[in-house]
């Protein structure tokens with residue numbers, strides 16, 4: 036049905052139809068601005084460290100019931116995240132220029 040509409044539709048383009056709509060006001064500026072890659076880098080870093088928090092909360096709640104292996108396992112996990120944080124810092128992921 037959509038394809039038939041596209042084929043059979045009468046097209047009468049004129050200047051008012053081709054102007055983008057901006058809440059009744061005349062359009063100003065470019066319609067799209069490219070996002071900086073820094074936005075994506077910050078978003079990924081946020082997700083990584085947010086997942087860290089998701090893993091740390093249950094561990095902290097049940098810390099008294101866990102054995103030494105779970106303690107060592109979480110220390111290794113935190114150490115890996117610390118290495119990732121230092122690496123991101125050295126690479127300048129937290130600098131906005």
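Residue numbers (the numbering used here): 36 to 132. From the three backbone atoms N, C-alpha and C, an ideal C-beta is built for every residue, glycine too.
Listed in chain order, the non-local C-beta contacts of residue 73 below 7 Å within the same chain comprise 131, local neighbours out to five positions each way being set aside. Distances from the alpha-carbon of residue 127 to those of 80, 115, 106 and 112 put 80 closest.
For residue 116, the enclosing alpha helix (DSSP H) begins and ends at 103–125. Taking C-beta atoms as the reference points, residue 112 and residue 90 count as a pair closer than 8 Å. Secondary structure of residue 45 (DSSP, three-state): coil.
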